[in-house]
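Residue numbers (the numbering used here), protein chains in the order written: chain A, 1 to 475; chain X, 476 to 976.
The C-beta atom is built at its ideal place from N, Cα and C for all residues, glycine as well.
Data first, discussion second: the structure below is written as structure tokens.
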Amino acid sequence: MTGTRTVKHTPRRGVVIMMVDQLPNLGREQEMLAEMGLADIEDLFSDIPSHVRMQGELPLRGPQSEEEIIADANRLLGSNVALGDRVSFLGAGLYRNYIPAAVFAMITRGEFLTAYTPYQPEVSQGMLQAMWEFQTLLSELLGLPIANLSLYDGSSASAEALTCAVRVHNRKATQKNVVYVSQLITPDKFSVMQNYCQGGGIEIRMLKHNGDGTIDLESAKEAAGSCGVYVEQPNPIGILDGGIPLLKEILGPNTALIVGVQPVSLGVVEAPGNYGADMVVGEGQPLGSPITAGGPLYGIFACSKPYLRLMPGRIVGRSIDVDGKVAYCLTLSTREQHIRRHRATSNICTNETLIALMGAMHMALLGPEGLNHLAVRNMTACILAKQKLSEIQTIALPHIGSHHFNEFVVELPGKAKDCLDYLDDNGIVGGFNLNSWYSNRTNWLLVTVTDQTKAEEIELLAAHLALWSSKAVAA
Amino acid sequence: MSNLFDHSGAIGKGYSQPAPLLPAHSIALPENLTRKKVARWPRLSEPEMVRHYTWLSKRNFGIDTGFYPLGSCTMKHNPRINEVIAQLPGIADIHPHQPEHHVQGLLSIFHEMQEMLEICAGMDQVTLQPVAGAQGEFTAVRCIQEYFRSRGETQRTKVLVPDSAHGTNPASAAMAGFEIVEIPSREDGRIDLDAIAAAVDDQTAIMMITNPNTLGLFEPEIAQAAEIVHQAGGQMYYDGANFNAILGITSPGLMGFDAVHYNLHKTFSQPHGGGGPGSGPIGVKEHLAEFLPGPIVKKRPIMAGEEAHAIDDLWYGWYQPANSIGKVQQWHGNAGAVVRSWAFYRRFGNGLRTMSQHAVLNSNYLRHAIFREAKKAGVDDMFCDGAPTTVAKHEFTLSLLPAKEKYGITAMDVAKGLLDKGYMAPTVYFPLVVPECMMIEPTETESKEVLDTFANHFVEVLQVDAETLHAAPISTPVRRVDEVYAARNLCLRHPFEEDEQ
């Protein structure tokens, strides 16, 4: 497995000089050791038996100065194709909305950046209050009374919601240890769900969809009596499904309705909490966070009251101090691993607080009208893109009659992979090849727009799609 | 007192946005899909937003604020160049679904990190996918579970954890479906070989251990423990929370472990961010590699046509292990944390050993200085070692049980007293095996002066009378917070006035 190591063995040049800016006690070892009555730093490791000692130096490169590191970082990362360098229609779960400069300015303040979990509330009021405000912002956005202060990403949030649904509903469920998930679920997210669910013996069954991409409400009746149902709005192929607000009535009070959302869409689209969803989860990234090659992101998790004491993750409560002053602290910790150990509701400890804070800052700057405007920008760009692409005779929009938020399917006259290669050669990141999710959809391309999409970029995509597809048809 | 929801200024947005591409009325959603009640978000101009979060930040304590000796968390300085690098468009503005030829530079960094972590831990294959230590534990435990299933050893349903283990160990194993068997530690805080030998059988799947253990002590009999578990057919899992103590000195591989997780936010200085993000890659021995979650980066010589996109004479590509457990995060893990940690690693290179030596040097020096100053002040009867030892590793524990018994001063009182002195308090009441425990981890990035001054302040706090200490802290933004009140009067969101009526 290891094969040959090709790590360069650079000489141990100037180790001390290179690291002196990070290790304040370099050169003072003898002084400190002498104070302890020791002669050699090795004496501090006398408890490590020789049979487990590493022999010789670590076969790694030599240390670098800050200037050399930034030069290498610029060379290596600068060689990547950043989406901002291209015309991009790639989304499929992660979306590059504009993030105001004030968010970055505030998030890099060391008091936030270099703190850890607020175990000592008296000196952590800033982050605790910011997270309590985050909980409120999400609660308002999603239409549910309770939100935690983030899980790892959208996939772990949806997976934890499924196990939470089983904890809450299994006793009364007629389909014990069973949950249902929309059959359009992306395979990567489904894989995360399977990993989280298998330990508890939870069976995941699929919820059927109609040919037009909407949930089959007849088949949804089969899910009534299970522990929970997970659907997405918009769904993974971009459709806003008018059937989803009807699901809670079909499922009844003993089956949790879990809705995965794209949070920006909720500036225009109804909040699931307002049509009976019991838990709302999602990838928080479109609010406040860059895509960063897929992480760090932040998972949104909100629920109604019956789920509170069995939910995963940390939560902040408002309290008082001994003088009766308003003060914040972590609460309901008895659900968590550091107290409950193997009986905890989740193993999560470190979460994504700082990224959630970026989300809170973006939400604070947007305000209700700003969010609506952001959603409208996404959605009208999508309408315009659908219009322009629907004018091309050689391609089809299989769900043109549906409502979309910011992405939709284009059916090509040839393989989506070939089309994406062609667009790439012309400086366009053309979208997502849905064949990687759905094995029978070789010709489906998922085209995504955001607030950053310009009308001329849509024209450019349309022109290239027309050119490629007419050639593909001819071939 | 600033409250975000007190801001209900001009109706508009905190930053200006361009007009939409089409008028808003071109959106014609059906009634049941249309939002009716707007989110009651505040309305802040940028100056108000900046002032609010600046005010909040001043009510928060980070490493930048002062000494942060929070045991088990490795709160070392976060070099700022790492933040600059993580904001470069070549990482921040990259989508995980971009093709390999768009991201050769990023993949080469992933590959370099995989290889470096393999070398440091003596493992054969690393995946960077898990995004936190607990998720790393869960992932490794799942891989081992599939390993046993592939061998037909489905009866192996038990995971052994020492009673001093981090809470995440039993929680992660239980989440994967294992039954937990707690192994009592010896009187001196070390693992008990006899207890392990008595606990293992043909149902043993894994033993999870951290070494140095949570008392900050190296387990000298670790190899023997591994042998006992292996002979019973089980696997050894290394919790990498305390890895900062041993880089270049020993390795989990040498100790006999089969799988390990790393905390990039501890050992490799990804900033802790007030609770996250983290990054929890795992490394495994060859027999477990086929079960790892992908994608993993592999390299090969470049082929014709690839020259234009290659960054050197190698091609870096994603790879899925043959019998992968699948995914634990939807994408490629916390790539931003990996890049920051790469920049940190480059600073040290093979000098990582020096880094660990200094972490241990500082820990032992602080332990020495605290006992030294306590003796001088005549308060050395108020605490003792959490477990007897001559040397500690990167952290150490003290028990304040004598202080509690003699003077009614608890570990929490001392912690709160330290807040008044301008420090973050050490970890308290963990590990559970030490009564009135205080766990102190200074890290390698604190100067001798900081350690000496802290020792003095620690001893000063011990000289404060119990009544005064019960009332501490007094100089913090708020005083002792009533956690019972918070739990009994749950207020988990802003109470809007109209809801109260």
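For the C-beta of residue 517 (chain X), the chain A residues within less than 7 Å are, from N- to C-terminus, 364, 367. Under DSSP, residue 873 (chain X) takes part in a beta bridge, and its partners are X:860, X:913. Looking at A:413, A:365, A:377, the one whose alpha-carbon comes closest to that of residue 480 (chain X) is A:365. 189, 191, 192, 194, 195, 196, 198, 199, 200, 201: these are the residues of the segment 189-222 of chain A whose beta carbon lies less than 8 Å from some beta carbon of chain X, given in chain order. For residue 130 (chain A), the closest Cβ of chain X is nearer than 8 Å. Counting only runs that start and end inside the segment 634-709 of chain X, the alpha helix (DSSP H) elements of at least 4 residues fall at 643-650, 668-674, 697-706.
Close CB contacts of residue 859 (chain X) within its chain, under the 8 Å cut and outside five residues either way in sequence, are with 873, 874, 876, 877 (chain order). For the alpha helix (DSSP H) assignment, the uninterrupted runs of no fewer than 4 residues enclosed by the segment 127-197 of chain A are, from N- to C-terminal side, 154-169.
The straight-line gap separating the alpha-carbon atoms of residue 758 (chain X) and residue 683 (chain X) is approximately 14 Å.
Looking from the CA of residue 679 (chain X), the closest CA among X:703, X:694, X:689 belongs to X:703. Rounded to whole angstroms, the separation of the alpha carbons of residue 27 (chain A) and residue 777 (chain X) is 45 Å. With a cutoff of 8 Å on beta-carbon distance, residue 151 (chain A) and residue 271 (chain A) are scored as not near each other. Nearest CB-CB separation between residue 109 (chain A) and chain X: below the 8 Å threshold.
The criterion of a C-beta distance shorter than 8 Å is not satisfied by residue 435 (chain A) and residue 91 (chain A). Counting along the chain, the unbroken alpha helix (DSSP H) around residue 353 (chain A) starts and ends at 353-390. Bridge partners of residue 124 (chain A) according to DSSP: X:535. The three-state secondary structure of residue 99 (chain A), taken from DSSP, is coil. In the structure shown, residue 774 (chain X) adopts extended strand secondary structure according to DSSP, grouped into three states.
Shortest Cα-Cα distance from residue 395 (chain A) to any of A:432, A:347, A:469 involves A:469.
Using a Cβ-Cβ cut-off of 8 Å, residue 279 (chain A) is close to nothing in chain X; its nearest Cβ partner there is about 15 Å away. Identification of chain X residues near residue 36 (chain A) by a Cβ-Cβ cut-off of 7 Å yields 839, 840, 843, ordered along the chain. In the displayed model, residue 407 (chain A) falls within a strand according to three-state DSSP.
Residues of the segment 286-320 of chain A with a Cβ closer than 9 Å to any Cβ of chain X, in chain order: 290, 291, 292, 293, 294, 295, 296, 297, 298, 308, 314, 315, 316, 317, 318, 319, 320.
Here DSSP, grouped into helix, strand and coil, assigns residue 594 (chain X) to helix. The three-state secondary structure of residue 854 (chain X), taken from DSSP, is coil. Residue 736 (chain X): member of the beta strand (DSSP E) spanning 734-737, first to last residue.
Taking C-alpha positions only, residue 390 (chain A) is separated from residue 456 (chain A) by approximately 16 Å. By the Cβ-count criterion, residue 89 (chain A) is buried, with 16 or more other Cβ atoms from all chains shown falling within 10 Å of its own Cβ. Apart from sequence neighbours up to five positions away, the residues of its chain that approach residue 837 (chain X) with a beta-carbon distance below 7 Å are 917, 918, 919, 921, 926, ordered along the chain. Within the model, the alpha-carbon separation for residue 622 (chain X) versus residue 664 (chain X) is close to 32 Å. Around the beta carbon of residue 87 (chain A), a 10 Å sphere encloses 16 or more other beta carbons of the protein chains shown; the residue is thus reported as buried. Identification of residues in the segment 700-726 of chain X having a C-beta nearer than 7 Å to some C-beta of chain A yields 723, 724, 725, 726, given in sequence order. Spatial neighbours of residue 743 (chain X) in its own chain (CB-CB distance under 7 Å, excluding positions within 5 residues in sequence) are listed in chain order as 816, 819, 820. At a cut-off of 8 Å between beta-carbon atoms, residue 791 (chain X) makes no contact with chain A.
Closest in alpha carbon position to residue 562 (chain X), among A:257, A:291, A:149, A:208, is A:291. Looking at the backbone, the Cα of residue 649 (chain X) and that of residue 348 (chain A) are separated by about 12 Å.
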